[in-house]
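Chains as they are written, first to last, in this note's numbering: chain A, 1 to 460; chain B, 1001 to 1460.
Beta carbons are placed, not taken as given, at the ideal position from N, Cα and C, and that holds for glycine.
Since we're looking at a predicted model, the values are computed, not measured.
Data first, discussion second: the structure below is written as structure tokens.
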């Protein structure tokens, strides 16, 4: 399909679905051949446009390996429903056709009891493999890797290596074959070559002539953020996972890493919005679970914001003398919060993508100080005019303007420094969410405001 | 390197740099052979640890193709400096060794005059190719693609196809070879196969036997977000770009798409922080440019927030009668803003990753209504106790508590609906930034507060 058709993907799938439903009812034997050339993702789209209880029929009408491919692309919610509605034997037959990493991922989505039953029904080799993968943390390199890959001994000629790879490729198993790994006699990973290098190798060359001996690799306990950084920095399509003896345990492919990158960024965005990461799609997470992931930060921010009340009580006399001051309170504190949110966002993101480091703190401080002055002066000028227009004295208008400059300055500097401080302390910089920065700056803003007012308006 | 060593990358590079500097001074002829097995990214790290004016020496000591690889991984700022300090001939010699897409990207980073001079110095074929690529928008499929790829005619046998691919792979040119494309007599794209499928093909099979005829492709004008969605949905390592006649213009590889995904997400995060996307790294963007990208939203939000003043003026009599009400203003409006920021973040992100759609609006509304009630009740309860502790009457404390419930409810619902409304209107949902939602909710919060106060406290 071309990109312009892309938004019509689901529309196309909806058109194909009725035909396929008829075929499933009348001549299910034809379904496999008729849909052979479709990408499994397209077939998954069609399945999603069908009533969910017919999806199992579709999967049954396909060869098991093909059905497993389609299952992989199915929407998570639907996949769980379909698998849980199938008999354990059917589900196990499908799942045994998947790559080991997908198998483990899908079992983790299911209810524990169902997953255990299916696991128990898998052929011995697949079961052990899957159990081993399930032991790794979902977010670790071990949890991302697949255990089927192709490796060759360093002593081979390229002709021998090509034969091994060709045999593996023809076997119908689903090895990750983005790269071919080279091992020494002890089984340690000593080299890597791409399929392209394998194909391009001159006649008569050996594996050692062609392979690269500096291999970028990770340990099984490495965090997925580390894995995705390496894949992206070194432009890899796959990265090997090794144990403490440098023996290769598995391979993480770029498609799984893209998913990991997107999930990682979702967590960052949610943290920046003062929500504890949901870790699952919006509708998949239960109502009370969402509430729990929100209430923590809301309460912390609420308690922090209570200090604004404490601050205002300290200036109650000042307020009583000049009630007009209250009219500008929301305007002033929100300006500090907004500029702080901007700076915090810019620095948190720059840290995440590696554009700035903790050692740049002084340079950032100077820059944000300058930004604060410039932006504060803009808002101060507008605020001054507005205050005059509301019929306030020049002095009170000046109080508002001066406070705005100070508050935006404080907001910019505090917003920029907080992510650096959190990172320095070993926390996630994304804790410095917009609401968090705003809460911190609000109290400061009020204190600045009342002190400037007292000084210029000669209030108590 | 293993993951545990990863943070020591730059430390390792810093250790290697002095040795390399000595070698460059004493026996530059040895540099190429000594660094041969290093990944170009590692060598780029070493270069970054050297004084910047010696980096050009290092690049000169390497074969041109290798130097071009290192240049590709070099930090953008340093790369620009190094290229602009080189003679035009030297820079052109290096840049002509790069893949067409990198060549175009790098020229776009340079000052226009320098870029024009280098472009003019490139060999004719490379120059025309590059000029053609430079015509596409940076953010479009055309701007991302490389024009060197391998295609075979559909009439060939697999043996013939393998010979073509092998010759291309041995040519030393840098074609994207993640997949081999199949064309018909008119040059239109009719199929695709992976290198793995090529290697695995049974003896005597033809291209048409092996290739997939449903090819996922994009047009040159497609947006990079569309490209990355397709690559990630279909788990591709490369996607072909076609013209209006289905002829293949180029190929976008997954490594460029990962960069595009990260940039796309940076823009989203910055929008959510109420900053117009910077589009370049934090320190690369000029001071005034950053200020311009911030001041727009700050002023809009400031003007929006002025309505809080208008609202408060309307209730000046109420305020004058019960000054204690002012003490809770920041607490109340920030609670609405915070819950709104949470909802807006959750929904904006869920829209971005496709977890929710506009058609889910009613389901989202109900859920966020529930969240608002639950979260508002929590904050209301804490607020009630706090107000009593500050010595306020039970009635005033009840006003605060009731207002908090209402404000958090409004915040959650408005925050969740805004991104959907923006998307429906054809805007980017990420406009619904935390500060934006907060500003909207602040005015509502005040009006709710004063009305509840008037009713319960029988104020004017």
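Checklist entry - Can you name the start and end residues of the beta strand (DSSP E) that residue 239 of chain A belongs to? => result Note, residue 239 of chain A: beta strand (DSSP E), 238-242.
Checklist entry - What distance in whole Å lies between the Cβ atoms of residue 411 of chain A and residue 340 of chain A, which are believed to be in contact at a cut-off of 8 angstroms? => result Their Cβ separation, rounded to whole angstroms, is 4 angstroms, which keeps residue 340 of chain A and residue 411 of chain A in contact under 8 angstroms.
Checklist entry - Per the contact definition of three or more C-beta pairs closer than 8 angstroms, is the stretch 141-157 of chain A in contact with the stretch 236-249 of chain A? => result Because the criterion of three Cβ pairs below 8 angstroms is met, the stretch 236-249 of chain A and the stretch 141-157 of chain A touch.
Checklist entry - Per DSSP, what kind of secondary structure is residue 353 of chain A in: helix, strand or coil? => result In the displayed model, residue 353 of chain A falls within coil according to three-state DSSP, outside both helix and strand.
Checklist entry - Using the C-alpha atoms, what's the distance from residue 1079 of chain B back to residue 1017 of chain B? => result So the two alpha carbons sit approximately 17 angstroms from each other.
Checklist entry - From B:1181, B:1187, B:1296, B:1108, pick the residue whose C-alpha is nearest to that of residue 1193 of chain B; which is it? => result Out of B:1181, B:1187, B:1296, B:1108, B:1181 has the C-alpha closest to the C-alpha of residue 1193 of chain B.
Checklist entry - Using a C-beta cutoff of 7 angstroms, does residue 118 of chain A count as contacting chain B? => result Residue 118 of chain A does not count as touching chain B.
Checklist entry - Does DSSP put residue 98 of chain A in a helix, a strand or coil? => result In the structure shown, residue 98 of chain A sits in coil (DSSP, three-state: anything other than H, G, I, E or B).
Item to check | Cβ pair residue 266 of chain A, residue 1224 of chain B closer than 7 angstroms | outcome: Not closer than 7 angstroms, so no.
Checklist entry - Along chain B, in chain order, which residues have C-beta atoms closer than 7 angstroms to that of residue 81 of chain A? => result Contact annotation for residue 81 of chain A against chain B: no contact, minimum CB-CB distance about 17 angstroms [criterion: below 7 angstroms].
Next on the checklist: Per the DSSP calculation, residue 1189 of chain B is bridged to which residue(s)?
Outcome noted: Residue 1189 of chain B pairs with B:1183.
Item to check | Identity of the residue in B:1421, B:1354, B:1422, B:1447 nearest residue 1318 of chain B by Cα | outcome: Minimum Cα distance to residue 1318 of chain B is reached at B:1447.
Item to check | Best match in A:178, A:160, A:213 for proximity to residue 184 of chain A [C-alpha to C-alpha] | outcome: Of A:178, A:160, A:213, the residue nearest in Cα terms is A:213.
Item to check | Residue span of the alpha helix (DSSP H) that contains residue 1287 of chain B, given as start and end | outcome: First-last of the alpha helix (DSSP H) with residue 1287 of chain B: 1287-1314.
Item to check | Nearest-angstrom Cβ-Cβ length linking residue 1499 of chain B and residue 300 of chain A, presumed shorter than 8 angstroms | outcome: Residue 1499 of chain B is absent from the model: chain B starts at 1001 and stops at 1460.
Checklist entry - Counting only beta-carbon atoms, is residue 234 of chain A nearer than 7 angstroms to chain B? => result Closer than 7 angstroms to some Cβ of chain B, the Cβ of residue 234 of chain A qualifies, so yes.
Checklist entry - Is residue 52 of chain A helix, strand or coil when you go by DSSP? => result Residue 52 of chain A sits in a helix when the DSSP states are folded into three classes.
Checklist entry - Taking contact to mean at least 3 C-beta pairs separated by less than 8 angstroms, is the stretch 283-290 of chain A in contact with the stretch 443-457 of chain A? => result Contact between the stretch 283-290 of chain A and the stretch 443-457 of chain A is absent, with fewer than three C-beta pairs closer than 8 angstroms.
Next on the checklist: I'd like to know whether the C-beta of residue 60 of chain A is nearer than 7 angstroms to at least one C-beta of chain B.
Outcome noted: No, its Cβ sits nowhere closer than 7 angstroms to a Cβ of chain B.
Next on the checklist: Less than 8 angstroms between C-beta atoms, sequence neighbours within five positions excluded: which residues of the same chain meet that for residue 1050 of chain B?
Outcome noted: Closer than 8 angstroms at Cβ, skipping near neighbours: 1017, 1020, 1021, 1058.
Item to check | DSSP three-state assignment for residue 249 of chain A, whether helix, strand or coil | outcome: Three-state result, residue 249 of chain A: strand.
Next on the checklist: Rounded to the nearest angstrom, what separates residue 117 of chain A and residue 83 of chain A at their Cα positions?
Outcome noted: So the two alpha carbons sit approximately 12 angstroms from each other.
Checklist entry - Is it the case that the Cβ atoms of residue 404 of chain A and residue 370 of chain A are separated by a distance below 7 angstroms? => result Contact: no.
Checklist entry - In whole angstroms, what separates the C-alpha of residue 374 of chain A from that of residue 418 of chain A? => result If I take the Cα positions, the gap works out to 21 angstroms.
Item to check | Extent of the continuous beta strand (DSSP E) to which residue 153 of chain A belongs | outcome: That run of the beta strand (DSSP E) goes 149-153.
Checklist entry - Got a sec: is the Cβ-Cβ distance from residue 312 of chain A to anything in chain B below 7 angstroms? => result Yes, its Cβ sits closer than 7 angstroms to a Cβ of chain B.
Next on the checklist: Is there a Cβ of chain A sitting closer than 7 angstroms to that of residue 1271 of chain B, yes or no?
Outcome noted: Not an interface residue.
Next on the checklist: How far does the alpha helix (DSSP H) with residue 281 of chain A in it extend, from its first residue to its last?
Outcome noted: Neither: residue 281 of chain A is in no alpha helix (DSSP H) and is coded neither H nor E.
Checklist entry - What separation, rounded to the nearest whole angstrom, lies between the Cα atoms of residue 1453 of chain B and residue 1323 of chain B? => result It is roughly 12 angstroms from the alpha-carbon of residue 1453 of chain B to the alpha-carbon of residue 1323 of chain B.
Item to check | Pairwise C-alpha distance: residue 66 of chain A and residue 1199 of chain B | outcome: Each residue's alpha carbon lies about 21 angstroms from the other.
Checklist entry - Could you give the residue range of the alpha helix (DSSP H) that holds residue 397 of chain A? => result Where residue 397 of chain A is concerned, the enclosing alpha helix (DSSP H) stretches over 394-424.
Checklist entry - Looking only at C-alpha atoms, which of B:1320, B:1321, B:1330, B:1302 sits nearest to residue 311 of chain A? => result Among B:1320, B:1321, B:1330, B:1302, the Cα nearest to that of residue 311 of chain A belongs to B:1330.
Item to check | Rounded Cβ spacing between residue 253 of chain A and residue 163 of chain A (contact assumed at less than 8 angstroms) | outcome: Approximately 24 angstroms separates the beta-carbon atoms of residue 253 of chain A and residue 163 of chain A; this is outside 8 angstroms, ruling out the contact.
Item to check | residue 387 of chain A versus residue 397 of chain A - alpha carbon distance | outcome: Their Cα atoms are separated by approximately 5 angstroms.
Checklist entry - According to DSSP, is residue 120 of chain A helix, strand or coil? => result Looking at residue 120 of chain A - three-state DSSP - the assignment turns out to be helix.
Item to check | Proximity below 7 angstroms, CB of residue 1437 of chain B to CB of residue 1344 of chain B | outcome: Taking a C-beta distance under 7 angstroms as the contact criterion, residue 1437 of chain B and residue 1344 of chain B qualify as a contact pair.
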